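A.B. asks: Pasting a structure here, questions to come.
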Amino acid sequence: MPPDAKHALITGSSRGIGRGIALKLAEQRVKIAIHYYKNERAANDTLAEVRKRDSDGFIVQADVSRPEEIKQMFRKVQAQFKKLDVFVSNARPEVPTFFQPPLQITLDQWDTAFDSQPKAFLVGVREAIPLMGNGGRIVALTYAEGSRTGGLQPWVGMGSAKAALESLVRYFAVALARRGITVNAISPGWTENSVLNTLPPQAQDLIRNWHVRGWTPMGRLGTPEDVGNVVALMCSEQAAWITGQVIYADGGASLMNPEVPPEIQLG
Ligand SMILES: NC(=O)c1ccc[n+]([C@@H]2O[C@H](COP(=O)([O-])OP(=O)(O)OC[C@H]3O[C@@H](n4cnc5c(N)ncnc54)[C@H](OP(=O)(O)O)[C@@H]3O)[C@@H](O)[C@H]2O)c1
Numbered sequence: 000m001p002p003d004a005k006h007a008l009i010t011g012s013s014r015g016i017g018r019g020i021a022l023k024l025a026e027q028r029v030k031i032a033i034h035y036y037k038n039e040r041a042a043n044d045t046l047a048e049v050r051k052r053d054s055d056g057f058i059v060q061a062d063v064s065r066p067e068e069i070k071q072m073f074r075k076v077q078a079q080f081k082k083l084d085v086f087v088s089n090a091r092p093e094v095p096t097f098f099q100p101p102l103q104i105t106l107d108q109w110d111t112a113f114d115s116q117p118k119a120f121l122v123g124v125r126e127a128i129p130l131m132g133n134g135g136r137i138v139a140l141t142y143a144e145g146s147r148t149g150g151l152q153p154w155v156g157m158g159s160a161k162a163a164l165e166s167l168v169r170y171f172a173v174a175l176a177r178r179g180i181t182v183n184a185i186s187p188g189w190t191e192n193s194v195l196n197t198l199p200p201q202a203q204d205l206i207r208n209w210h211v212r213g214w215t216p217m218g219r220l221g222t223p224e225d226v227g228n229v230v231a232l233m234c235s236e237q238a239a240w241i242t243g244q245v246i247y248a249d250g251g252a253s254l255m256n257p258e259v260p261p262e263i264q265l266g
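So this is what it looks like as structure tokens:
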């Protein structure tokens, strides 16, 4: 963490991976603006956990698919913190709002994906910059498998939106390089205590077993703490020279070859 990095805004930190990121940064005494959409109670739980770690913060509500609400969220951050050192764009709408295959997805569902990802990032970064001095950190959460593959058909809207988000990360990285602000994307593998836990139990079991069987060479799913550690690493002073990258944080899952059963690959 840059020595003067004291304030972070993390969208979608009421629960899941966003909460994991908030708690890891709180352990480093960073004050956290905990953003939520509908789940105020969960946001307050995150705030209580942040305080247990000898940090502090506040909760802020916004629908990230609405630019005006994003701008309002940043006005609240400015009022509370005066400045911002870290902006993590992590929020993602509930799966049923966009999960349809290419031949069925409605334009509204498509817009939900794009409004909440690249457009929200475009608006959010432009709001964050005036609050950042030199040496800030911007991190976007992506799912890079969904950006580059086509197998999980109903993921088409979110996969395409995340691909655009990753592209925007590279453009902003160049635009902000002279200010010492790094812009990176983190791509977690499947993660416990996140959207996974909202899937039908049978689907959860299939996914867990698949990763334990070897699709993730480390033999387990990730945790919000794993991803929080990676974001904390990217926010460190030592990460100042890394920008514009998509960093896989997935226990090696992205290294596996989909044409060959894991048992053969792992030998
Ligand atoms: N989970 C995984 O395995 C996985 C893998 C790769 C990448 N990712 C990425 O990691 C990020 C977090 O995923 P997750 O699974 O941890 O999320 P999650 O548990 O489903 O939580 C979603 C978060 O986004 C907020 N949110 C939902 N709709 C919103 C909206 N319209 N406007 C603003 N905020 C909204 C929720 O707020 P409320 O609590 O108020 O509803 C919540 O804080 C996402 O960008 C996702 O694509 C996740």
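The sequence shown begins at 0 in numbering that gives the first Met the number 0 and counts up by one. We treat Cβ as the ideally placed atom computed from N, Cα and C, and that holds for glycine. It should be emphasised that the depicted structure is a prediction, and the values quoted were computed from it without experimental measurement.
What runs of the alpha helix (DSSP H), each 4 residues or longer, lie entirely inside the segment 8-89?
C.D. replies: The segment 8-89 contains these whole alpha helix (DSSP H) runs: 15-26, 39-51, 66-80.
A.B. asks: For the alpha helix (DSSP H) holding tyrosine 170, just list the boundary residues, first then last.
C.D. replies: Looking at the DSSP string, the run of the alpha helix (DSSP H) that includes tyrosine 170 is 155-175.
A.B. asks: Any heavy atom of ligand 1 closer than 8 Å to the beta-carbon of glutamate 67?
C.D. replies: Result no, Cβ not under 8 Å from ligand 1.
A.B. asks: Comparing alpha-carbon positions, which option in Val168, Ile263, Ala162, Pro261 lies nearest threonine 148?
C.D. replies: Closest by alpha carbon: Ala162.
A.B. asks: Using the Cα positions of valine 229 and glycine 15, report the straight-line distance between them to the nearest angstrom.
C.D. replies: Near 15 Å, if we compare the C-alpha coordinates of glycine 15 and valine 229.
A.B. asks: So, alanine 41 versus alanine 21, is the Cβ gap smaller than 9 Å?
C.D. replies: Against a cut-off of 9 Å, the Cβ pair of alanine 21 and alanine 41 comes out as no contact.
A.B. asks: From the DSSP output, which residues share a beta bridge with serine 186?
C.D. replies: Beta-bridge pairing links serine 186 to Tyr247.
A.B. asks: At a cut-off of 8 Å, is leucine 254 close to ligand 1 when judged by its beta-carbon and the heavy atoms of the ligand?
C.D. replies: Checking the Cβ of leucine 254 against ligand 1 gives no.
A.B. asks: Excluding the 5 residues flanking valine 168 on each side, which residues of the same chain have their C-beta closer than 6 Å to its C-beta?
C.D. replies: Counting only Cβ-Cβ distances below 6 Å, and skipping sequence neighbours, we find Ala139, Val182, Ala184.
A.B. asks: Output needed for proline 223: all residues of its chain with C-beta closer than 7 Å, excluding positions within five of it in sequence on either side, in chain order.
C.D. replies: The answer, listed in chain order, is Gly15, Ile16, Arg18, Gly19, Thr190, Asn192, Ser193.
A.B. asks: Over the uninterrupted alpha helix (DSSP H) stretch that includes leucine 106, give me the two end residues.
C.D. replies: Segment 106-113, the alpha helix (DSSP H) holding leucine 106.
A.B. asks: Which stretch, first to last residue, makes up the beta strand (DSSP E) that contains arginine 136?
C.D. replies: Unbroken beta strand (DSSP E) run through arginine 136: 136-140.
A.B. asks: Confirm, please, whether the CB-CB distance from glutamine 108 to leucine 164 is below 9 Å.
C.D. replies: Contact: no.
A.B. asks: Compute the minimum distance between the beta carbon of asparagine 89 and the heavy atoms of ligand 1, and state whether it is under 8 Å.
C.D. replies: Yes.
A.B. asks: When the Cα of glutamate 39 is compared with those of Ile128, Val76, Asp62, which residue comes out closest?
C.D. replies: The shortest Cα separation from glutamate 39 among Ile128, Val76, Asp62 belongs to Asp62.
A.B. asks: By the three-class DSSP mapping on this structure, what secondary structure does glycine 227 have?
C.D. replies: Note: glycine 227 maps to helix in three-state DSSP.
A.B. asks: Residue range of the alpha helix (DSSP H) that isoleucine 263 falls in?
C.D. replies: Start and end: 261-265.
A.B. asks: Where leucine 220 and glycine 213 are concerned, what is the direct C-alpha to C-alpha distance, given to the nearest angstrom?
C.D. replies: Cα to Cα, leucine 220 sits roughly 11 Å from glycine 213.
A.B. asks: Among Leu265, Gly132, Trp209, Ala112, which one has its Cα closest to the Cα of threonine 96?
C.D. replies: Looking at the Cα atoms, Ala112 is the closest of the given residues.
A.B. asks: Is it true that the segment 43-56 meets the segment 247-266, where meeting means three or more beta-carbon pairs spaced less than 8 Å apart?
C.D. replies: Touching, no.
A.B. asks: Is the beta carbon of glycine 150 sitting closer than 9 Å to the one on serine 253?
C.D. replies: Going by C-beta atoms, glycine 150 is not nearer than 9 Å to serine 253.
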